[in-house]
Amino acid sequence: MKLQASQLHNHLKQQKLAPIYLLTGDEALQMMESVDLIRNCARQQDFSERVILTLETGFDWSSLDQEANSFSLFANKRLLELRLANKSPGKDGGAALVAYTKQLPADTVLLITADKLDASQQKTKWFKSIEQSGVVIQIWPLNALELPRWIAARMNKYGLKPDSEVMNIIAERSEGHLLACSQEIEKLHLLYGSGQITIAQVTEAVADTARFQIFDWVDTMLAGKVKRGIHQLKHLEQEGVAEILVAWALNREIRNLCYITAAIQNRQSQEQVFKTYRIWSNRKSSVSNAIRRHPQAKTWQAFLKETVEIDAIIKGVKKGNSWDALQQLSLKVAGVKLFK
Numbered sequence: 178m179k180l181q182a183s184q185l186h187n188h189l190k191q192q193k194l195a196p197i198y199l200l201t202g203d204e205a206l207q208m209m210e211s212v213d214l215i216r217n218c219a220r221q222q223d224f225s226e227r228v229i230l231t232l233e234t235g236f237d238w239s240s241l242d243q244e245a246n247s248f249s250l251f252a253n254k255r256l257l258e259l260r261l262a263n264k265s266p267g268k269d270g271g272a273a274l275v276a277y278t279k280q281l282p283a284d285t286v287l288l289i290t291a292d293k294l295d296a297s298q299q300k301t302k303w304f305k306s307i308e309q310s311g312v313v314i315q316i317w318p319l320n321a322l323e324l325p326r327w328i329a330a331r332m333n334k335y336g337l338k339p340d341s342e343v344m345n346i347i348a349e350r351s352e353g354h355l356l357a358c359s360q361e362i363e364k365l366h367l368l369y370g371s372g373q374i375t376i377a378q379v380t381e382a383v384a385d386t387a388r389f390q391i392f393d394w395v396d397t398m399l400a401g402k403v404k405r406g407i408h409q410l411k412h413l414e415q416e417g418v419a420e421i422l423v424a425w426a427l428n429r430e431i432r433n434l435c436y437i438t439a440a441i442q443n444r445q446s447q448e449q450v451f452k453t454y455r456i457w458s459n460r461k462s463s464v465s466n467a468i469r470r471h472p473q474a475k476t477w478q479a480f481l482k483e484t485v486e487i488d489a490i491i492k493g494v495k496k497g498n499s500w501d502a503l504q505q506l507s508l509k510v511a512g513v514k515l516f517k
């Protein structure tokens, strides 16, 4: 069975999980959110065990059969994730996938993710077997007509009511990238809260040149350039840039690095992960430096908890100086060990 990404939520609400899901496409945000929907549904249906297989050079396809037919010590339901990325299963992989569909293991859901599959790959025996036994979701970039509707629905999710043309401005300034659109909408919610959003508000927020200074500061700290980063942060404070925007940019980067380092720990190639999270060539050096300093996802998760405390300070829920807290956290990101 084939579904569109927009149909997945209702599909998961209306019935039990299918035995196999194949998600294919090169639109990162829709792919991530679709995968998260399936994972969350699996947890709700007591699939407490998760196994990850990544197709890399030398991958042994017999491991798929071994995992499918191995029994958990505690008889748990299992989510088995197979990550193909931009690689083709080949002859051995195709045969292994066909064999899997012919003898589906009990209490197991196979979640396969892959980059965009071309027409010839969709005619293969393994693809047709999965389509017949499970669910195939092909994730396409949104076209010019769909994008404003997607933005409107996203804003509605945050309780934002946009004036006419607001969606077009966000689409234009974000160059049609859903991840960038999502981040701009999140920023609007941080700045103005729920309610009406005017053209003037979105123009000011999206076009504000301060955001380029903020992102430059974040990249400076990721690169480990401490002296320059301290100077940039002080400049932002003196220029009257809202600290909530500075905190938002740092939170966003730390949150992405939680996902990135976790993916690399799960043996995905760094190049592929960078592609998924849109780390373009001009930022690869600074992000790579940050990963070398802090390669463990748990470190970035600890940093993420600190951004929550900073948010509480900014909102007056917790006592403290938000700019000092931002500087301390950014220094940790840059690799400086601070005394308690």
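End of the sequence shown = 517 in this note's numbering, gap-free, step of one.
Glycine included, C-beta positions come from ideal geometry on N, C-alpha and C.
Taking 6 Å as the limit between beta carbons, can you name the residues of its chain near residue i, skipping five residues before and five after?
i	result
Ile229	Glu258, Asn443
Gln221	none
Lys495	Ala489
Please work out which residues of its chain come closer than 8 Å, Cβ to Cβ, to residue i, disregarding the five sequence neighbours upstream and downstream, and give them in chain order.
i	result
Lys461	Phe451
Ile550	Residue 550 lies beyond the range of the chain shown here (178 to 517); nothing can be said about it.
Leu503	Leu410, Glu420, Val423, Ala424, Leu427, Ile487
So who's on the other strand from residue i, going by DSSP bridges?
i	result
Leu399	Partner(s): none; Leu399 has no beta bridge.
Ala262	Ala291
Arg227	Leu256
Lys179	Val313
Leu374	Per the sequence shown, the amino acid found at residue 374 is Ile instead of Leu. DSSP output for Ile374 lists Pro339 as bridge partner(s).
Val286	Leu256
Mapping DSSP to helix, strand and coil, what is residue i?
i	result
Glu323	helix
Val369	According to the sequence as given, residue 369 is Tyr; it is not Val. DSSP places Tyr369 in helix when its eight states are reduced to three.
Thr453	helix
Gly497	coil
Gly406	helix
Thr234	coil
Val510	helix
Thr301	coil
Please list the terminal residues of the continuous beta strand (DSSP E) segment that includes residue i.
i	result
Lys338	337 to 339
Gln315	312 to 316
Leu200	197 to 202
Please list the terminal residues of the continuous alpha helix (DSSP H) segment that includes residue i.
i	result
Leu434	420 to 442
Trp477	474 to 491
Gln221	205 to 221
Lys268	267 to 279
Ala467	458 to 470
Lys190	185 to 191
Ala245	239 to 246
With distance defined between alpha-carbon atoms, name the residue in the options nearest to residue i.
i	options	result
Pro325	Lys334, Ile346, Leu337	Ile346
Asn459	Thr397, Val313, Gln445, Leu287	Thr397
Lys475	Ile307, Thr438, Lys495	Thr438
Pro266	Leu515, Gln298, Tyr335	Gln298
Lys254	Trp238, Glu204, Leu194	Leu194
Pro196	Ile456, Lys279, Asp203, Gln181	Lys279
Identify, in the order they occur along the chain, each residue of the same chain with its Cβ nearer than 7 Å to the Cβ of residue i, setting aside the five sequence neighbours on each side.
i	result
Ser240	Leu230
Ala321	none
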